[in-house]
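Inspection log for the structure reproduced underneath, given as structure tokens.
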Amino acid sequence: MKSYSLICHMLLSMDGRVTGQYLEREDCKPYIEDYYQILEAYQGNNWICGRATFAEFVPLVSELDLQAFAGQTVKRQDFIADEAATSFAIALDPSGKLAWGSSTIGEEFPERHGDHVVTILSETVSDAYLAYLQSVGVSYIFAGQNRDLDVQLILEKLQRYFQLETFYLLGGGIINGAFAKAELIDEVSLVLAPLIEGNSDTRAWRSGL
């Protein structure tokens, strides 16, 4: 029996989409505000998103340059850069593509300013990328030998390292689908915007099921 809980909190359109042009509409803004107000009311100290979601909402370094770390050898061991951290931005990035410029979320995302960055990787990432993360001060945790991460192992390790009891899953749809398929989602919180996206190429709130 697991000793943690996972809440999935999402904003979606009437046709069940979590991405798309409807999010840019002026009449969607009140529902985006509601979404963040509810998230704040949870008073959670962590949030989990996939790589694409982080790349969309959190400013990153414009280009990932690993030349300075070429030739370095780094063991495939979990790395906790800040053991004193109390709030966490947790990114699922199995291939190691996110170019973090800092080990914490900055003032450009005031709702989560100061959260320590923890990235979840597969063992396929390069040694140079691991050395880069260590230089920036970003914590990383391994959760699989390939791109198909073990989502249960992710939560177990996060709980072990950071004593987290309740996790907050904020998308995107593929990541939500992976946790749902593993039957790890305990509660779903949906803010429904009365708008239609109408584009089937956009993501549903749970994809890949």
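Sequential numbering from 0 applies to the sequence shown in our numbering. We put the beta carbon where it would ideally sit given N, CA and C, even for glycine. The structure presented is a predicted model; accordingly, all values stated were derived computationally and were not measured.
Below 8 Å on the Cβ atoms is my guess for residue i versus residue j; work out the distance and round it to an integer in Å.
i: L91; j: L157; result: Not confirmed; about 11 Å, so no contact.
i: L59; j: G100; result: 6 Å
i: L168; j: I31; result: Not a contact, Cβ separation roughly 18 Å.
i: E110; j: E196; result: At roughly 24 Å, the Cβ-Cβ gap does not stay under 8 Å, so E110 and E196 are not in contact.
i: F166; j: Y3; result: 6 Å
i: I174; j: G49; result: 4 Å
Tell me the rounded alpha-carbon separation between residue i and residue j.
i: D126; j: P93; result: 14 Å
i: E107; j: H115; result: 15 Å
i: D77; j: N45; result: 19 Å
i: R202; j: Y160; result: 32 Å
i: L194; j: M13; result: 6 Å
i: L189; j: G176; result: 15 Å
i: V150; j: V73; result: 24 Å
i: L11; j: A179; result: 17 Å
i: I237; j: A142; result: Not covered by the structure: residue 237. The range shown for the chain is 0 to 208.
i: F87; j: H112; result: 10 Å
i: N198; j: G19; result: 7 Å
i: R205; j: D64; result: 33 Å
i: I140; j: I119; result: 5 Å
i: G171; j: I89; result: 13 Å
i: G15; j: M9; result: 10 Å
i: E164; j: M0; result: 13 Å
i: G62; j: L154; result: A small fix is needed here, since residue 62 is Glu in this sequence, not Gly. Going by the C-alpha atoms only, they are around 30 Å apart.
i: D200; j: V17; result: 11 Å
i: L152; j: V57; result: 25 Å
Can you tell me where the beta strand (DSSP E) with residue i in it begins and where it stops?
i: F166; result: 165 to 168
i: F56; result: Element bounds for F56: not the beta strand (DSSP E) but the alpha helix (DSSP H), 50 to 56.
i: Y139; result: 138 to 141
i: L148; result: No beta strand (DSSP E) holds L148; DSSP gives it neither H nor E.
i: S4; result: 4 to 11
i: S188; result: 186 to 191
i: L120; result: 115 to 120
i: F87; result: 87 to 91
What residue range is occupied by the uninterrupted alpha helix (DSSP H) comprising residue i?
i: E32; result: 28 to 41
i: F78; result: No alpha helix (DSSP H) holds F78; DSSP gives it neither H nor E.
i: Y21; result: Per DSSP, Y21 belongs to no alpha helix (DSSP H) and is neither H nor E.
i: V135; result: 126 to 135
i: K1; result: First-last for K1: undefined, no H or E at that position.
i: G176; result: 172 to 180
If distances are taken between C-alpha atoms only, which option among the options comes closest to residue i?
i: S138; options: N145, L129, R16; result: L129
i: G105; options: I119, G19, F53, I79; result: F53
i: Y131; options: A80, H8, L154, K1; result: A80
i: A192; options: H8, P29, K1; result: P29
i: E82; options: A98, D64, G136; result: G136
i: T85; options: V117, I140, S134; result: V117
i: E55; options: C27, G15, L97, R205; result: L97
i: S121; options: T103, R75, K1; result: R75
i: N145; options: M0, I153, T123; result: T123
i: S134; options: C27, V57, S102; result: S102
Pairs of beta-carbons, one from the segment 24 to 42 and one from the segment 67 to 78, closer than 8 Å: are there three or more?
no
State whether the segment 182 to 189 contacts the segment 17 to 32, with contact taken as three or more CB pairs (one from each stretch) at a distance under 8 Å.
no
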